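Q:
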Ligand code: ACM
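In our numbering, the protein residues as written are 153 to 904.
#1: On the DSSP bridge assignment, give the partners of residue 329 in chain order.
#2: Within the same chain, show all residues whose beta-carbon is closer than 8 Å to that of residue 154, passing over the 5 residues directly before and after it, in chain order.
#3: Taking the alpha-carbon of residue 567 as reference, which of 631, 325 and 407 has the nearest alpha-carbon?
#4: Exposed or buried, residue 165, counting other C-beta atoms within 10 Å across all chains shown (16 or more means buried)?
#5: Put residue 817 into one of helix, strand or coil per three-state DSSP.
#6: Could you say which of 848, 193 and 538 lies nearest to residue 835 if we only look at CA atoms?
#7: On the DSSP letters alone, give me the boundaries of the beta strand (DSSP E) that residue 193 sits inside.
#8: So what does DSSP say about residue 810, is it helix, strand or coil?
#9: Note down the Cα distance separating residue 369 from residue 840, rounded to an integer number of angstroms.
#10: Pop quiz: residue 282 and residue 198 are said to be a contact at Cβ under 8 Å. What is the actual Cβ separation, rounded to whole angstroms?
#11: Return the CA-CA distance between residue 764 and residue 480, expressed in angstroms with no decimal places.
#12: On the premise that residue 296 lies in contact with residue 248, defined as a C-beta separation below 8 Å, what is that separation, rounded to the nearest angstrom?
#13: By Cβ distance below 6 Å, which residues in the same chain neighbour residue 233 in space, the five residues on each side in sequence not counted?
#14: Is residue 793 near residue 766, with beta carbons less than 8 Å apart?
#15: Answer yes or no: do residue 505 and residue 526 have a C-beta to C-beta separation smaller than 8 Å?
#16: Taking the alpha carbon of residue 585 as the point to measure from, which residue in 768, 806 and 872 has its own alpha carbon closest?
#17: Using DSSP with H/G/I as helix, E/B as strand and the rest coil, what is residue 575?
#18: What does the shell around the ligand ACM hold, if a residue joins when its beta-carbon is under 6 Å from any heavy atom?
#19: So the alpha helix (DSSP H) residue 591 belongs to, where does it begin and stop?
#20: Would you decide whether residue 746 is buried or exposed? Buried here means 16 or more other CB atoms lie within 10 Å of its CB.
#21: I'd like to confirm the pairing. Which residues does DSSP put opposite residue 877 in its beta bridges?
#22: Report the rounded CA-to-CA distance for residue 758 versus residue 722, giving the unit in angstroms.
#23: Hey, how far is the Cα of residue 161 from the Cα of residue 174?
#24: Using DSSP with H/G/I as helix, E/B as strand and the rest coil, what is residue 222?
#25: Across the segment 357-371 and the segment 411-421, are there enough close Cβ pairs to call them in contact, namely three or more that are closer than 8 Å?
#26: Counting Cβ pairs, one atom from each stretch, are 3 or more of them under 8 Å apart for the segment 678-688 and the segment 342-349?
#27: Could you tell me the boundaries of the alpha helix (DSSP H) in which residue 653 lies?
#28: Across which residues does DSSP place residue 295 in a beta bridge pair?
#29: Leaving out five residues on either side along the sequence, give the residues of the same chain with a beta carbon under 6 Å from the beta carbon of residue 471.
#30: Run through DSSP, which three-state label would residue 625 get?
#31: Could you tell me which uninterrupted alpha helix (DSSP H) segments, each at least 4 residues in length, are contained entirely in the segment 505-587, listed from first to last along the chain?
#32: Name the one or two DSSP bridge partners that residue 288 has.
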């Protein structure tokens with residue numbers, strides 16, 4: 153009987169006394185890092201499905217929208233956690249929100265609507281950290297506000313088109329990282345993507361190209377896919393996107409390119425080009441010489457376009473491009489030359505300035521401000537124009553000093569179309585190298601800008617040019633996590649930035665991004681090696697961003713894996729291998745450096761002209777380290793790039809050395825402004841003071857990409873050797889970047 157009673161009790165307990173719920177403790181790994189987090193050891197137990205808003209009367213109209221956006225579904229029940237929301241305009245002026253989590257629940261006070269929205273994003277990130285519905289969230293107080301006013305991400309939808317659903321997903325992700333501007337690049341040589349009802353041929357002709365380049369622009373000969381490609385966004389789709397963005401505190405900045413990047417428009421309306429056409433929508437990448445001709449009818453056309461654009465986009469800015477406008481057709485046009493005379497302009501650059509100023513005046517009349525790439529500075533602009541500094545920071549500095557507002561987006565730190573990893577298996581990209589850490593460490597206020605001008609720097613923007621991104625998956629791969637890094641640059645105080653901590657937070661953030669089905673690039677456990685030649689010694693530095701893993705290295709001569717602790721001198725070897733390990737388990741692929749043994753590796757040497765910091769962050773130490781650069785990617789750190797200059801390398805062998813051959817590795821990619829040198833001269837010396845010339849090259853020509861230039865010498869003996877390399881000079885007319893200084897790229901001087 154007693155036994156029976158126990159069974160009944162047990163049955164009763166099993167059905168009526170559920171086991172205690174297990175709550176998962178989550179860290180406050182918020183990206184971008186808030187201004188202030190005060191945290192205690194206690195935590196609040198929250199059931200994600202049992203959250204309920206309790207809001208001020210004024211916020212009630214927002215409730216249903218927020219419930220959808222933030223996935224807060226439930227009605228009140230006994231176990232609900234309350235999210236109290238209120239607006240308090242007296243909150244410190246610049247403080248956007250205060251978020252308090254304690255035993256009472258979640259309390260949000262914000263200075264305005266926007267602040268409330270950001271607080272909810274912070275809260276959402278905390279909830280998204282773990283898949284479990286049951287979370288234990290640290291008691292905390294978060295005070296937060298942004299560092300910069302303009303926090304932007306860009307997307308080129310012309311080189312490749314992305315549908316409305318993806319644009320919405322892109323905007324959702326921007327909101328999640330507290331960006332507030334979406335720069336939508338809508339017109340290009342390769343496609344016009346915005347419906348303009350007044351000009352139906354833009355939809356019929358300019359929105360479609362007959363085929364698309366396959367592979368890289370540098371690959372010769374060019375091959376095409378023989379498939380028509382194109383699409384455009386209708387007015388109703390644009391309105392839908394603008395509204396969607398607005399609900400997420402994001403302003404859309406449409407970009408309508410002029411006077412360059414206009415070939416698609418000219419294909420539809422050839423009478424707007426100086427030669428009259430015919431033109432076709434460009435099928436390959438690069439910059440077209442076919443630009444708008446500054447006829448009155450061209451201005452009429454563009455004003456007609458702007459009339460519709462201003463109606464569609466309620467934000468304050470219209471971006472009018474202004475970048476990369478080749479002047480060849482203007483030089484050859486009698487009309488343009490006469491216009492230059494009539495308007496007393498200096499030259500074709502003056503004509504570009506005339507073009508921009510006219511359109512700026514029209515746009516200003518419509519109550520909007522212009523943004524232009526930094527080329528719009530050439531020839532002067534009106535005071536209310538905002539400049540996007542992309543070719544470096546010089547444009548931004550110059551603009552700020554003139555009192556123009558500036559958005560910083562230099563290629564060196566903000567171009568997410570560049571490679572982010574040195575891994576040979578990375579998907580094809582345009583070139584360059586921009587790893588996460590470099591993006592993270594970007595400081596938008598240039599050190600050389602006096603403090604009185606800092607106020608003109610509105611913020612920074614990540615750019616996503618899509619020549620080599622033909623799927624939305626690839627856009628996500630290139631943009632994330634680099635967009636996370638720039639979100640922190642734009643939002644968080646400098647004192648709060650810390651790359652190590654950021655990479656730790658990314659581990660939690662990757663869970664959130666996975667849940668949102670974002671195809672982010674995870675290079676956190678990747679190992680990179682920098683092998684420096686320090687006065688004839690090869691020193692290896694290995695690095696991984698992931699603090700939780702170890703790095704081990706070995707070689708073809710000694711296969712025993714050594715734990716990496718600090719930089720080490722490399723013994724003689726042919727191949728160095730390295731990888732990251734989580735305990736005994738390999739956490740990354742195996743990377744390797746193959747060494748080309750030559751007489752320069754054991755020598756001290758000096759460069760009389762150092763490489764540019766953009767392509768040569770490790771200085772000259774990599775020039776003679778025995779590692780040849782990637783033959784296809786000029787962004788590989790083994791390449792040293794010299795902008796407009798040559799260099800001379802002086803090598804000290806310490807004692808007489810027999811030399812019979814020298815090989816120089818150059819990169820050749822005129823499409824990217826990288827040229828072979830004009831000349832190479834070799835000198836020898838007994839004392840490093842007086843030199844005799846032993847070789848002078850003729851014109852150097854050869855294949856695109858890496859070219860190994862061999863120089864045979866007559867079994868000479870020397871103590872010192874000097875290799876002088878002359879830059880190509882200015883880029884010739886008709887080529888990409890005509891008139892600019894050419895780059896010289898050198899990877900290794902091999903001596904045999
Ligand atoms: C640009 O990248 N041409 C602005």
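Glycine included, each C-beta is placed from N, C-alpha and C at the ideal position. Predicted model only: the values in this text are computed from it and were never measured.
A: Judging by the given coordinates:
#1: The partner list for residue 329 (beta bridge, DSSP) is empty, contrary to what the question assumes.
#2: Residue placement at residue 154 cannot be trusted, given a pLDDT of 49 that sits under 50; the coordinates are not used to answer.
#3: 631
#4: Interpretation of residue 165 is limited by its pLDDT of 49, a score under 50 that renders its predicted location unreliable; no figure is taken from the coordinates.
#5: strand
#6: 848
#7: 188-199
#8: strand
#9: 44 Å
#10: Actually they do not touch by this definition, with Cβ atoms about 11 Å apart.
#11: 29 Å
#12: 6 Å
#13: 198, 203 and 257
#14: yes
#15: no
#16: 768
#17: coil
#18: 475, 476, 525 and 542
#19: 588-592
#20: exposed
#21: 799 and 832
#22: 21 Å
#23: Reliability fails at residue 161, whose pLDDT of 49 lies under 50, so the model's placement of it is uncertain and no value is given.
#24: helix
#25: yes
#26: no
#27: 651-667
#28: 188 and 250
#29: 405, 407 and 523
#30: helix
#31: 546-553 and 563-566
#32: 177 and 197
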